Amino acid sequence: MKKFFARAYLILILLLLYAPLIFIAVSSFTESRVLGNWTGFSTKLYSNLFSGSMQGAAGSLMTAVYNTLIIALVASLVATLLGTLAAIGIFYSRSRAKNAVMFLNNIPMVNPDVITGVSLFLLFVFLGVTQGYVSVILAHITFCTPYVVLNVLPKLHQMNSNTYEAALDLGATPAQALRKVMVPQLLPGMLTGFILSFTMSLDDFAVTFFTRGTVGLETLSTYIYTDARKGGLTPELRPLMTIIFIVIFVLLLIFNIRQERAAKKKALLK
Amino acid sequence: MSKEGIIISLEHLSKWFGDKRVLDDVSLTIKKGEFVTILGPSGCGKTTTLRIIAGFETPDDGNVYIGGSLMNRVQPHKRPVNTVFQRYALFPHLNVFDNIAFGLKLKGVSRSEIETRVMRVLKMVGMTDYEWRNVDSLSGGQQQRVAIARAIVNQPEVLLLDEPLSALDHKMRKDMQIELKQMHKQLGITFVYVTHDQEEALTLSDTVVVMNEGVVQQIGSPTDIYNEPVNCFVADFIGESNIFNGTMIADRKVSFMGHEFECVDEGFGENVPVDVVVRPEDIYIMARTDRGQFHGVVSSCIFKGVHYEIIVNTPDGYELMIQDYNPFEAGMEVSMIIKPSDIQVMRKERITNTLEGEMIDQTHVELLGCGFECLPQEGLAAGNKVRVEVDFDKVELTDDKRDGTCEGDITFILYKADHWHLTVRAENGENIYVDTQDVWEDRDIVGINIRPEDMRITRAEESAA
Amino acid sequence: MNLRNVIGRRSSWSLPYAVFLLLFVALPLVLIMVYAFIDEGGRFTLGNLARFFGDADALSTFAVSIEIAIENTAICLLLGYPVAWILANKRYNRSGVTIIIFILPMWINALMRTLATADLFNMLGITLGKGTLLFGMVYDYLPFMIYPIYNVLRRMDPSYAEAAQDLGAKPSRVFANVTLPLSLPGIVSGVMMVFMPTVSTFAISEFLTNNKIKLFGTIIQENINSSMWNYGAALSFIMLIIIGISTLFGGRGEEESQVQGGLI
């Protein structure tokens, strides 16, 4: 009986959480220009999306998607590299240097997006940097890297730190020891950090909004914002969101199930 | 520097970690093919010494020579040594074969040769057929074998082993000791082995180096170290000992426990305070008889597998540990005999605490980094450097550190048959030595008090002024 | 000290990031403070801050933001704690993957989700206003509350609760006296992750209320966008102070439940 109530509660909350997503997914299969208006089943929006044959302003949707992906890819790659090196450095630092870096590292995670966005906007104004691709990518690296650091650090704690020395002892240069011994052991944390960075960058609106400048750079988020302010969303966003959701859903599920299996296997061996 | 047959030479090594001096003027030479064990309690500097040889640490002072060349600044991967780590440090993402082949691949050895060499060492450590196994799936003992194989496959001139057996259970440890000894013989290379287990050190080594608090205490063969310890620390650390305060009356005549004994030591002078060590198996015990040198009553007798461990109290208040093959019941009156050659006499390192201090005012002196009250000092002014002597039994310790003038922690405890001799490290890192009847525990934090009338204060000779 | 030694020491590998942090985290925050206290001519002034306290519009938006944030946080906690508790309880859920299903909506573009929610209300004929705003906010931030609490509960040693039971405590007492206090770091972390972002959201509140209710973030955005940088910076500075105060209260819990967090 208790179990029944527990289940029922979970399902209720899930319905609440997923209602808008299901709503988007369902309405992606109708042609109506207004969300929530069912005009019969159709896959026209999907074919429009893939053929790129969208009318007028909707054509720039694909450019926005492309920008979003490039920014997310570059920012999360740099964040993963920078964050991994930083985590190693932090792990082997004395406590004072460690605390200082960790303090700064926590700030972008604690700060709301608006503050991060405004502060970086002022920085780019102050430095006289033309805002566009570069400023947005730098801003995304700023809020992504802390999560890489936080995901790599536990892996360093788990790692037998003598393995690095063992590699040196067996004739590896520090660079070889990093590549052949440390990186493979830190990889799960780096991967988690990368995925986290990538999805956060994809999802970001506020920071991009403040740092994209006036050169007309649009990402998916800013595109939706502008679109909605003009009244009425581009209908092709519905299939696009549905696809993105399904891809992320499947990827994350696979990734987590694999991690869970690996953890269980390890626990069994011990 | 390249003397015949010497492979490693450490000269006056010192190393600080922050304010803490972990190595203090360590010198050591190791001959080619020797099995040397560095032995000591945790924190004595043995692992640091090994890491300096391997190149993971650089000495702050002194020189490291390997094979005759200066190695101070040479990086670990360029040294002709390989290390077996305490917790194995196998690469978890590589299988057994790839772990062992790691060093060879880096050196660019050909595939076929890698294969033969890996197979050869696997056979040597008794792990044939395990080459494709995941290292996580191996037992502790098997992982240790792989770790050894991974090191020796590179044919180093020196194999460094950092407490390699400490994570194994007792039985496995015994087996591995024998295998290591055989491996040493078979390979003919130098082994430098670090352990805190004195039994392991005595079993395995050609030479034992005993360390404490960053200082080499004694270097010698296992029998030398056991039979002729140079000080109380070594005597206490290696095997079981009865340690006494004694007086060398004259050559071949020493007094302790209120009795005079014949011994074999000479050249100490007359009426010199000494430390006396007698091993528990060197005290002959028998039912009460007039032929005994001294007498006592058995307080306990415990069977230890091969022998009995008997605790005997003497009428003068001394407590002795004796090992014998025969049981003696508690309460029984017994007599004891010690042969002259079984009495080991050692010069005392110190007979009283001598501390450097500075006058704060007429009635206060700074010692151990704290201000102590003292008797009014004529002719000494604030700022004068002084030397203060305090007898061991005049230092008082308090349970609550707040009750003491100064705070300290107990770093070493020595039982001396009728009292404890403690080493207490004060806040400023200086040691003060305390004789007490009370039982304290290692690492206890205590308060330190000294009564003003127990201090002997003299002006320190100022060399320059 | 030559370059090679510096690279060889692993503690120095965080240097690039340290420089990056100084440039992109520390300096921007300093700039907010600087801009908050100067006028357009670059002279020191307290006028920007004074303007906020005399600006009835901004003050009421601020009050509304705090009110909505408190309500949102409370609802998220009430709804989210049971979810976290059920998911972390081995009797109801053995898999570590189920939680992912609950936090997945976080990964979908927040604007898109919000617009869909608004349209859903429109379709159902519900007037957009404070009620729909709260609903949308809860919907947006619930995962942020569930996840840290779940993390703490999941890692909690069950022997605490068992010990309490063994000593004769009823299940309700076990929960009140053992489980709840021990999960406090997760609650603190969840509250931090919901409260501050709610105060400072922009765009979302307009979409959910048909521009009827503005939150504090919107005011900041409007000022920055209309080139009133100094006033915008002053408003951001006020936000920063609130963040600073709340981190002082809950800073430790935040770190503890996030480190080892794995995949959010």
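Those protein sequences? They're chains A, B and C, same order as listed.
Residues 333 to 602, numbered by my numbering, are exactly what the first sequence covers, in order.
Residues 471 to 935, numbered by my numbering, are exactly what the second sequence covers, in order.
Residues 24 to 287, numbered by my numbering, are exactly what the third sequence covers, in order.
Just so you know, even glycine gets a beta-carbon here, dropped at the ideal spot from N, CA and C.
From a predicted model like this one, the values you see are computed outputs, not experimental measurements.
Secondary structure at A:T448: helix, using DSSP grouped into helix, strand and coil. Here the alpha carbons of A:A538 and A:R365 stand approximately 27 Å from one another.
Contact annotation: the region 478 to 493 of chain A touches the region 420 to 440 of chain A, with at least three C-beta pairs closer than 8 Å.
A:T546 and C:L238 have their C-alpha atoms roughly 25 Å apart. For the pair of segments examined, the region 353 to 372 of chain A was found to touch the region 131 to 145 of chain C: the number of CB pairs separated by less than 8 Å reaches three. Distance between B:D869 and B:I477, taken at the CA atoms: about 50 Å.
Between the alpha carbons of B:P511 and A:I345 lies a gap of roughly 59 Å. Here B:T693 is exposed: its Cβ has fewer than 16 other Cβ atoms, across all protein chains shown, within 10 Å. The beta carbon of A:V461 does not come within 8 Å of any beta carbon belonging to chain C, so the residue lies off that interface. Looking only at C:F272, C:I264, C:I268 and C:T270, the smallest Cα-Cα distance to C:V53 is reached by C:I264.
Under a criterion of Cβ atoms nearer than 8 Å, the residues of chain B adjacent to A:L500 are, in order, G525, F526, Q545, P546 and H547. For A:L367, there is no enclosing alpha helix (DSSP H), since its DSSP letter is neither H nor E. When only Cα atoms are considered, B:M646 and B:L635 end up about 8 Å apart. In the three-state reduction of the DSSP assignment, C:W252 falls in the helix class, which pools H, G and I. Taking the beta carbon of A:N494 as reference, the chain B residues within 7 Å of it are F555, R557 and A559, listed in sequence order. Spatial neighbours of B:V685 in its own chain (CB-CB distance under 6 Å, excluding positions within 5 residues in sequence) are listed in chain order as D494. Shown here, B:T881 sits in a strand according to DSSP, grouped into three states. B:P562 is a Cβ neighbour of A:Q517, given a cutoff of 8 Å. By the Cβ-count criterion, B:Q613 is buried, with 16 or more other Cβ atoms from all chains shown falling within 10 Å of its own Cβ. C:V161 and C:N95 have their C-alpha atoms some 6 Å from each other. B:I622 carries a helical assignment under DSSP once its states are collapsed to helix, strand and coil.
In the DSSP secondary-structure assignment, B:G716 is bridged to B:F726 and B:V744. As the crow flies, the alpha-carbon of C:I210 is around 12 Å from that of C:L165.
By the Cβ test, the region 707 to 723 of chain B is not in contact with the region 754 to 762 of chain B, since fewer than three Cβ pairs between them sit closer than 8 Å. With 16 or more other CB atoms across the displayed protein chains lying within 10 angstroms of its CB, B:T665 is buried.
At least 8 Å separates the beta-carbon of A:E592 from that of A:N380. Take B:C771, set aside five residues on each side of it, and the residues of its chain with a beta-carbon closer than 8 Å to its own are Y778, E779, I780, I781, P797, F798, E799 and A800, in chain order. Annotated as distal: B:G739 and B:D786, with beta-carbon spacing of 8 Å or more. In the structure shown, C:I210 falls within a helical segment according to DSSP collapsed to helix, strand and coil. A:H489 sits in a helix when the DSSP states are folded into three classes.
Under the DSSP assignment, B:G917 falls in the beta strand (DSSP E) whose first and last residues are I915 to I920.
Classified as buried, B:V804 has 16 or more neighbouring CB atoms from the shown chains inside 10 Å of its CB. With contact defined as three or more Cβ pairs closer than 8 Å, the region 43 to 61 of chain C and the region 443 to 457 of chain A are in contact. When DSSP states are grouped into helix, strand and coil, B:S497 belongs to the strand group. Bridge partners of B:T693 according to DSSP: none are assigned.
Within the model, the alpha-carbon separation for B:D721 versus B:Y788 is close to 25 Å.
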